[in-house]
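In this note's numbering, the protein residues as written are 84 to 214.
Using N, Cα and C, we set each Cβ at its ideal position, and we do this for glycine too.
The block underneath contains the structure these notes are about, expressed in structure tokens.
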Amino acid sequence: MRRAPVTASRTWPIVLGWGARAASRSHIVARVTPQEYVEEVLSLVERIPAGRVMTYGAVADALADVSGRNSARQVGNIMARHGGGVPWHRVVNSAGRMPPGHEQEARQRLLSEGVPLKGERVDVSRALWGP
DNA sequence: CGATTGACGAAGA
DNA sequence: ATCTTCGCCAATC
84 MRRAPVTASR TWPIVLGWGA RAASRSHIVA RVTPQEYVEE VLSLVERIPA
134 GRVMTYGAVA DALADVSGRN SARQVGNIMA RHGGGVPWHR VVNSAGRMPP
184 GHEQEARQRL LSEGVPLKGE RVDVSRALWG P
């Protein structure tokens, strides 16, 4: 758990090791390392119940306060690189589409879990789950 | 260092 | 409905 050193002069709640960039935005500050963020994402995805889904954006939003990040795209990258050990099929894009190259596998799993579908897409309005 | 590249998403045309 | 543009974050050139 690498954390930025805490100094008395520090204005923002965290960061001064990787914080130069974060400091350029006054509202959002990185509160965890990229590695820690990966763990946050994976542990949240693990808690998505069978039969429900989250969108990449919803995951990013749910973690925004604690992580200091909000990038659906980054969640997608993380799922692509590290999602193999979690129920990755329960994360779809906002249109209900499944990850390119894994549509068949995902569709089969979602179907067996009873996730509501609309043709080839998840009916996100009905299936969306939140922590 | 800067530029590109993604399992993204909202807004426009 | 499809395509583009832009904001988002981190890894990779």
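{"Asked": "Rounded to a whole number of angstroms, what is the C-alpha to C-alpha distance between residue 124 and residue 164?", "Found": "12 Å"}
{"Asked": "Give the range of the alpha helix (DSSP H) segment to which residue 165 is assigned.", "Found": "155-165"}
{"Asked": "Using DSSP with H/G/I as helix, E/B as strand and the rest coil, what is residue 193?", "Found": "helix"}
{"Asked": "Would residue 112 pass as a contact of residue 174 if the rule is Cβ separation under 7 Å?", "Found": "no"}
{"Asked": "May I ask which residues mark the beginning and end of the alpha helix (DSSP H) holding residue 149?", "Found": "147-150"}
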